[in-house]
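Undergrad:
Protein chains: 2
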Amino acid sequence: MKRQLLMTPGPTPVPKAIMDKMAEPIIHHRTPEYREIFKSVCADLKTVFKTRNDCCVLTSSGTGAMEASVVNMLSPGDKAIAVRGGKFGERYYDICKAYGVDVIPVDIKWGTAPDPKEIKKILDDNPGIKAVYTELCETSTATVYDIKALGNVIKDYSAIFVVDAISGLAADDLQTDTWNVDIAVSGSQKALMLPPGLSFLSVSEKAWGMAKNSRLPKYYYDLNKYRKSLDQGDTPFTPAITLTIGLKRALEAIKKKGIDNILKECKGMAKQLRNEAEKLGFEIFSKSPSNAVTALKVPAGVDGALLVKAIKTRGITVAGGQAELKGKIIRVSHMGAVTENDITKTVGVLKEALKELNTK
Amino acid sequence: MKRQLLMTPGPTPVPKAIMDKMAEPIIHHRTPEYREIFKSVCADLKTVFKTRNDCCVLTSSGTGAMEASVVNMLSPGDKAIAVRGGKFGERYYDICKAYGVDVIPVDIKWGTAPDPKEIKKILDDNPGIKAVYTELCETSTATVYDIKALGNVIKDYSAIFVVDAISGLAADDLQTDTWNVDIAVSGSQKALMLPPGLSFLSVSEKAWGMAKNSRLPKYYYDLNKYRKSLDQGDTPFTPAITLTIGLKRALEAIKKKGIDNILKECKGMAKQLRNEAEKLGFEIFSKSPSNAVTALKVPAGVDGALLVKAIKTRGITVAGGQAELKGKIIRVSHMGAVTENDITKTVGVLKEALKELNTK
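Those sequence lines, one after another, are chains A and B. So my numbering is basically just the index in the first sequence, starting at one, shifted up by 1160. So my numbering is basically just the index in the second sequence, starting at one, shifted up by 1160.
#1: Using C-beta distances below 7 angstroms, list every residue in its chain close to L1390 (chain A), excluding the 5 sequence neighbours before and after it, in chain order.
#2: Assess contact between the stretch 1326-1341 of chain B and the stretch 1301-1317 of chain B, defined as three or more Cβ pairs (one per stretch) separated by less than 8 angstroms. Is contact present?
#3: Apply the 10 Å Cβ neighbour rule to P1287 (chain B) and answer buried if 16 or more other Cβ atoms are within range, or exposed otherwise.
#4: Going by DSSP, what residue range makes up the beta strand (DSSP E) through D1262 (chain A)?
#5: Could you spell out where the beta strand (DSSP E) holding G1347 (chain B) opens and where it closes?
#6: Indicate whether at least one CB of chain A lies closer than 9 angstroms to the CB of D1180 (chain B).
#7: Which residues, in order along the stretch 1328-1352 of chain B, keep a beta-carbon less than 7 angstroms from a beta-carbon of chain A?
#8: Sorted by chain position, which residues of the same chain lie with C-beta nearer than 6 angstroms to K1385 (chain A)'s C-beta, five sequence neighbours on each side aside?
#9: Would Y1259 (chain A) pass as an interface residue toward chain B - the criterion being a Cβ-Cβ separation below 9 angstroms?
#10: Measure the CB-CB distance between I1279 (chain A) and V1263 (chain A) and report whether it falls below 9 angstroms.
#11: Is it right to say E1443 (chain B) is buried, meaning 16 or more other beta carbons lie within 10 angstroms of its own, or is it exposed?
#12: What residues in the stretch 1473-1500 of chain B bring their beta carbon closer than 7 angstroms to a beta carbon of chain A?
#13: Determine the DSSP secondary structure at G1464 (chain B), reduced to helix, strand or coil.
#14: Helix or strand or just coil, what does DSSP make of P1276 (chain A)?
#15: So with CB distances below 9 angstroms, who are the chain B contacts of I1401 (chain A)?
#16: Under 8 angstroms between beta-carbons, which chain A residues line up against H1299 (chain B)? List them in chain order, please.
#17: Using a C-beta cutoff of 9 angstroms, does T1219 (chain B) count as contacting chain A?
#18: Below 9 angstroms between beta carbons: does that hold for A1455 (chain A) and R1491 (chain A)?
#19: Residues of chain D with CB closer than 9 angstroms to the CB of P1185 (chain A), please, in chain order.
#20: Would you call T1303 (chain A) buried or exposed, if buried means 16 or more other Cβ atoms sit within 10 Å of its Cβ?
#21: Using a threshold of 9 angstroms, state whether the C-beta atoms of G1406 (chain B) and I1178 (chain B) are closer than that.
#22: Does the distance from the CB of S1221 (chain A) to the CB of S1359 (chain A) come in under 9 angstroms?
#23: Would a check of beta-carbon distances place K1378 (chain A) closer than 9 angstroms to chain B?
#24: Return the chain-ordered ranges of every alpha helix (DSSP H) run that is complete within the stretch 1297-1323 of chain A and spans a minimum of 4 residues.
#25: Which ranges would you report for the beta strand (DSSP E) in the stretch 1446-1497 of chain B if only whole runs of at least 3 residues count?
#26: Which residues in the same chain have their Cβ closer than 7 angstroms to the Cβ of A1291 (chain A), if we skip the five residues on either side of it in sequence?
#27: For the beta strand (DSSP E) that contains V1217 (chain A), what are its first and last residues?
#28: Hey, which unbroken runs of the alpha helix (DSSP H) at 4 residues or more fall wholly within the stretch 1323-1381 of chain B?
#29: Using a Cβ-Cβ cut-off of 9 angstroms, state whether E1278 (chain B) counts as contacting chain A.
#30: Taking just the CA atoms, how far does R1251 (chain A) sit from K1378 (chain B)?
#31: If we call anything under 9 angstroms between Cβ atoms a contact, is P1399 (chain A) one with F1198 (chain A)?
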């Protein structure tokens, strides 16, 4: 099998300079040297999240941070809303269920974005809702949600607004503070150009206030512990040292280029991919396509699994569909270290692969 | 500051070959290539744990696996025992408390090991105890517990025997199956010679049986999900890919040398360090010293913090004491990639540092 160009929506390619930085001799985490690195990471995350709120760093996959955003805020029997427009919306619903939260699912057609008016109606019809859980980019359908409009609705209620930006952050715009997002969640292996293993949360004062009354049990994910040790540049438990060192390097690169320039680049690459793919006869799956990842409908008569394989044989890894979309879409990332040139290559390979399958 | 030789009980030095392996271009985890790596890791972990039980790999620090060993097994109000002989025994107690477990603390003098007879008495006096939580090596006091004797007592009760072997595994002998250990927990950054970020659990059939009736809430740490995906070489959530790739390399090295040879080497280095340190006038803190790490009492009249600093200035990082032992001990590791030569160097530096402080 050829060495693969990763065009998947996580993990994404990790620049060699970041890999090499992480491969330097390991240092201890309870040292001034590490604490300085960690403090710089926490400060730079704020720039990427566009927030003044404290950012916590967890050693876990993104799901761990999603769980933290539930167990730190709610109590058993609390009411919450989870938008289910794909696999990751379902995950928020499932986490709430696992913890005995009285969660109202908002089921929307996969590939569409939630209607803020519908959320408003549910908030009005169900007084006392504590939290609204949704995605920035629903990775399974490559759909971006209108967080600004949703935040504009939710801000007038006592509920906190929690956004899973695991795949969206630094690809689709997220203006955490301006858009009234209380908790934004992300992970390392997407637009932040790192291997998986770290997850992040930015937490607003409204959310910290709610956390005070939370009675759901937690220990490893107890965010108050993380917040308390932030000033010292510490984490309550041994952090993933090498990944944090890589994160510092990645965030410096992001800062250097400027977060808004990066968002613009992702938008450009997303447009490039969609235009070229449409020329090849692909339809775009999502009604609200993300700048982080694009889902292309597998053309009628083509086997989706074989298409992914034919692409892989040519040196490019794309993702297939998950759950109900298995075999029906392929997903191509355009975030992180991916370049226009990678998109061009991918389009070339898509063309060849399609041709191969159509002539079989 | 000189480049540091890490003689701390986690993180320990990571061999360059492992670091370099992790720095290769990242691969996707839902691929045959990664699944093969993960399956090999799960198989090799059994050799190190000396078990036939399934081993689960989590993306978290060791504390995450400790929490998993509580939340997967117990229900609110269940009775359990936690041996508190140091900071990590306290952690097990705290995790139980956080989840509403009716946990009986067994407080022993720091630096001593629990008496199996005392555990037996508590099990007899409190019918229905579901779990006994203890350490293999209590890292904060550098004390090894007699797991064989404890297992021999607990096996006759319905309680499961859970051993935190985070720092002990592959340094102090742990015969999981022979010694009747139901759950053994470990982490990547100790004798397994990796950066922090992965944790492990081996789980017996008795424990999986108990898990069926557990009503404590869990999602990210739901071990049944991990077990179900083991056969496919999958994890339920995105794994720490690079660390897992490093783990494969580390486990291969361990297998090649043989786990019992490694245990013998650790024992030899522990003895070497203790003998030489005693010649320098240090007393050994623990009444049951571990082969993973040694705690040396800071001599009367010497400032513990200054001693750690004087050692660091000379290029070696050791750990100080935690909590009630702060300033009173220093801890030196002899596990993982540490060599006899490193111990010799450390003793030389200890001598110099002590001399410097005594003549001040």
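Glycine included, every Cβ here is placed at the ideal spot set by N, Cα and C. Bear in mind that the values here come from a model prediction, so they are computed numbers and not experimental data.
TA: So, from the data block:
#1: Residue mapping note: residue 1390 (chain A) aligns to position 230 of the first sequence, counting from 1. Taken in chain order, the residues that qualify are C1202 and D1214.
#2: yes
#3: Along the second sequence, read from residue 1 onward, the residue named residue 1287 (chain B) stands at position 127. Classification for P1287 (chain B): exposed.
#4: Position 102 of the first sequence, counting from 1, holds the residue named residue 1262 (chain A). Looking at the DSSP string, the run of the beta strand (DSSP E) that includes D1262 (chain A) is D1262 to D1267.
#5: Start at 1 with the first residue of the second sequence, and residue 1347 (chain B) comes out as number 187. Segment I1343 to G1347, the beta strand (DSSP E) holding G1347 (chain B).
#6: The residue you call residue 1180 (chain B) lines up with position 20 of the second sequence. Closer than 9 angstroms to some Cβ of chain A, the Cβ of D1180 (chain B) qualifies, so yes.
#7: Q1349
#8: Numbered from 1 along the first sequence, position 225 holds the residue referred to as residue 1385 (chain A). If we look at K1385 (chain A) and ignore the five residues flanking it on each side, its Cβ neighbours are P1396.
#9: By 1-based counting over the first sequence, the position of residue 1259 (chain A) is 99. Chain B contact via Cβ: present.
#10: Translated into the one-based positions of the first sequence, residue 1279 (chain A) becomes position 119. Translated into the one-based positions of the first sequence, residue 1263 (chain A) becomes position 103. For I1279 (chain A) and V1263 (chain A), no; Cβs fall outside 9 angstroms.
#11: Taking the second sequence and counting its residues from 1, the one referred to as residue 1443 (chain B) is at position 283. So E1443 (chain B) counts as exposed.
#12: T1477
#13: Residue mapping note: residue 1464 (chain B) aligns to position 304 of the second sequence, counting from 1. The answer is helix: DSSP assigns G1464 (chain B) an H, G or I state.
#14: Position 116 of the first sequence, counted from the start, is the residue given in the question as residue 1276 (chain A). In the structure shown, P1276 (chain A) sits in a helix (DSSP, three-state: H, G or I).
#15: For the purposes of this step, residue 1401 (chain A) is identified with residue 241 of the first sequence, where counting begins at 1. Near I1401 (chain A) (Cβ distances below 9 angstroms), the residues of chain B are P1171, Q1349, P1355, P1356 and G1357.
#16: As a position in the second sequence, residue 1299 (chain B) is number 139, starting the count at 1. Looking at the sequence itself, residue 1299 (chain B) is Thr, so the reference to His does not match. Per Cβ cutoff of 8 angstroms: no residues; T1299 (chain B) is ~11 angstroms from chain A at best.
#17: Walking along the second sequence from the start, residue 1219 (chain B) turns up at place 59. Yes, T1219 (chain B) lies at the interface with chain A (some Cβ there is under 9 angstroms from its Cβ).
#18: The residue labelled residue 1455 (chain A) in the question sits at position 295 within the first sequence. The residue labelled residue 1491 (chain A) in the question sits at position 331 within the first sequence. Result yes, Cβ atoms of A1455 (chain A) and R1491 (chain A) sit closer than 9 angstroms.
#19: In the displayed structure, chain D is absent; the protein chains listed are A and B.
#20: Counted from its first residue, the first sequence places residue 1303 (chain A) at position 143. Under this definition T1303 (chain A) is a buried residue.
#21: Walking along the second sequence from the start, residue 1406 (chain B) turns up at place 246. Walking along the second sequence from the start, residue 1178 (chain B) turns up at place 18. Against a cut-off of 9 angstroms, the Cβ pair of I1178 (chain B) and G1406 (chain B) comes out as a contact.
#22: The residue given as residue 1221 (chain A) occupies position 61 in the first sequence. The residue given as residue 1359 (chain A) occupies position 199 in the first sequence. Yes, the Cβ-Cβ distance between S1221 (chain A) and S1359 (chain A) is below 9 angstroms.
#23: Stepping through the first sequence from its first residue, residue 1378 (chain A) is reached at position 218. Yes, K1378 (chain A) lies at the interface with chain B (some Cβ there is under 9 angstroms from its Cβ).
#24: 1307-1314
#25: 1453-1457 and 1489-1493
#26: Indexing the first sequence from 1 puts residue 1291 (chain A) at position 131. Once the five neighbours on either side are set aside, the close Cβ partners of A1291 (chain A) are M1233, L1234, A1240, A1319, I1320 and V1322.
#27: Taking the first residue of the first sequence as 1, we reach residue 1217 (chain A) at position 57. Element bounds for V1217 (chain A): D1214 to T1219.
#28: 1365-1371
#29: Within the second sequence, the letter at position 118 stands for residue 1278 (chain B). Closer than 9 angstroms: no.
#30: Taking the first residue of the second sequence as 1, we reach residue 1378 (chain B) at position 218. Taking the first residue of the first sequence as 1, we reach residue 1251 (chain A) at position 91. Cα to Cα, K1378 (chain B) sits roughly 13 angstroms from R1251 (chain A).
#31: Locating residue 1399 (chain A) in the first sequence gives position 239, counting from the first residue. Locating residue 1198 (chain A) in the first sequence gives position 38, counting from the first residue. Yes, the pair counts as a contact, with Cβ atoms nearer than the cut-off.
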